[in-house]
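Everything on this sheet refers to the single structure shown next.
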Amino acid sequence: MMPEHLHISLAAARARKFLFALLLTAALTPAAASGSESFHYICLKCHRHLLQNSRPNVSYCKAGGNHNWHLLGPNGPMIHICLKCRLLVNSSGRPSVSYCLAGGNHNWHLLGHRGHDNYCCRKCDLKVRASGRPSVSYCPAGGNHDWIKY
Ligand SMILES: [Zn+2]
Ligand SMILES: [Zn+2]
Ligand SMILES: [Zn+2]
Numbered sequence: 075m076m077p078e079h080l081h082i083s084l085a086a087a088r089a090r091k092f093l094f095a096l097l098l099t100a101a102l103t104p105a106a107a108s109g110s111e112s113f114h115y116i117c118l119k120c121h122r123h124l125l126q127n128s129r130p131n132v133s134y135c136k137a138g139g140n141h142n143w144h145l146l147g148p149n150g151p152m153i154h155i156c157l158k159c160r161l162l163v164n165s166s167g168r169p170s171v172s173y174c175l176a177g178g179n180h181n182w183h184l185l186g187h188r189g190h191d192n193y194c195c196r197k198c199d200l201k202v203r204a205s206g207r208p209s210v211s212y213c214p215a216g217g218n219h220d221w222i223k224y
């Protein structure tokens, strides 16, 4: 049986540690309070893109060592594409501009809103599930996207 005062200080230390973990989680995931919300993460080393409700495990990056996860933003109905690295993200707002995989900042363009219609661009082969025809601007193959519904 451990002395009562020692027992109390251990519990206090544990509570502090728990509180610290909570604060850390809140800092990393801005809307963590809403519970089931999920977030887009991208590893800046291997470019793996994950949708998770907390920071993904760092182990086993394909590029060697640990993943270096960067939070792009919360999942949502807006389809954004970066005109530089062509990363597609369904977000609730403009994703983070930091760390474009093509260098410098991402240059996000709003393609449309998520839906049940499958579109494919005949020129650049980009596929999106949108509600209605996506924006035609900025086809990476040049000029406008040429969307076909399939
Ligand atoms: Zn990685
Ligand atoms: Zn980019
Ligand atoms: Zn296109």
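Going by this note's numbering, the sequence shown opens with residue 75, and the numbers climb by one from there. Yeah, the Cβ is synthetic: ideal placement off N, Cα and C, and Gly gets one too. Here the structure is a predicted model, which is why all the values come from computation and not from measurement.
(request) Alpha carbon to alpha carbon, how far is LYS201 from ASP220? Give it in angstroms, no decimals. (result) 11 Å
(request) Use the C-beta contact count for LEU125: other C-beta atoms within 10 angstroms, 16 or more gives buried, fewer gives exposed. (result) exposed
(request) Could you name the residues of the same chain whose beta carbon sits closer than 8 Å to that of ASN149, not counting the 5 residues immediately before and after it, in chain order? (result) GLU111, SER112, PHE113, HIS114, LEU125, ASN164, SER165 and SER166
(request) Classify ALA125 as helix, strand or coil using the three-state DSSP reduction. (result) It is Leu, not Ala, that sits at residue 125 in the sequence shown. LEU125 falls in the strand class under three-state DSSP.
(request) Tell me whether SER108 is buried or exposed, calling it buried when 16 or more other Cβ atoms sit within 10 Å of its Cβ. (result) Low confidence applies here, because SER108 scores a pLDDT of 48, under 50, leaving its location unreliable; read the following figure in that light. Classification for SER108: exposed.
(request) Using alpha carbons as the reference points, say which of ALA204, ARG168, HIS183 and CYS117 lies closest to PRO137. (result) In the sequence as displayed, the identity of residue 137 is Ala instead of Pro. Looking at the Cα atoms, CYS117 is the closest of the given residues.
(message) What I want to know is whether the C-beta of HIS219 ends up closer than 8 Å to one or more non-hydrogen atoms of ligand 3.
(response) yes
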